[in-house]
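What follows is one structure encoded as structure tokens, with my remarks underneath.
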Amino acid sequence: MGGDLSAPRVVVASEAGLAIRRMADVMDVIGAAYDADALILTPDDVAVAFFDLRTGLAGELFQKASQYGVRLALVLPDPAVHGPRWTDLAFEHRRHHAVRIVPSRAEADAWLAS
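Our numbering puts the first residue of the sequence shown at 10, with every later residue one more than the last.
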């Protein structure tokens, strides 16, 4: 955030009444966060189907966040609960410029403030 000492403008999905339950919700959520600096989601903000990677919900969200420049922090305290591939995704995204899977809200806030 190049010298800007103000806190980032973060949309917290649960506080903004946002959720991803179906594919059309992805662009609604990205759109709601587009003018902010970042978006924070938790498992409560997404349908169970989000964690089934065959549905494409997670992939679509990650792709759109990257494409539209929305920094996305997905708070997953234990990615393994959602299957071994989620553990891999958390590892693979640990240094991603736009999408991070983090274990806590504190880590989400710290990354988004950096």
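Positions of the beta carbon are idealized from the N, C-alpha and C atoms, including for glycine.
Fair warning: this is a prediction, and the values are worked out from it, not measured in the lab.
query                                                                                                                                                       : result
By a C-beta neighbour count over all protein chains shown, 10 Å radius and 16 as the cutoff for buried, is VAL90 buried or exposed?                         : exposed
Just to confirm, is the Cβ distance from LEU98 to ALA47 under 8 Å?                                                                                          : no
Output yes or no for whether 8 Å exceeds the beta carbon distance between VAL84 and ILE49.                                                                  : yes
Report all residues from its chain with a CB closer than 8 Å to the CB of ASP87; omit the five preceding and five following residues, and keep chain order. : PRO112
If you measure between the beta carbons of ILE29 and PHE59, is that distance less than 8 Å?                                                                 : yes
Taking the Cβ atom as the reference point for each residue, do LEU66 and VAL108 lie within a distance shorter than 8 Å?                                     : no
Distance, Cα to Cα, GLU101 vs TYR43?                                                                                                                        : 24 Å
Could you work out which residue in ARG63, ASP118, GLU24 is closest to GLY92 when comparing CA atoms only?                                                  : ARG63
Expressed to the nearest angstrom, what Euclidean distance is found between the alpha-carbon atoms of ARG104 and ALA117?                                    : 13 Å
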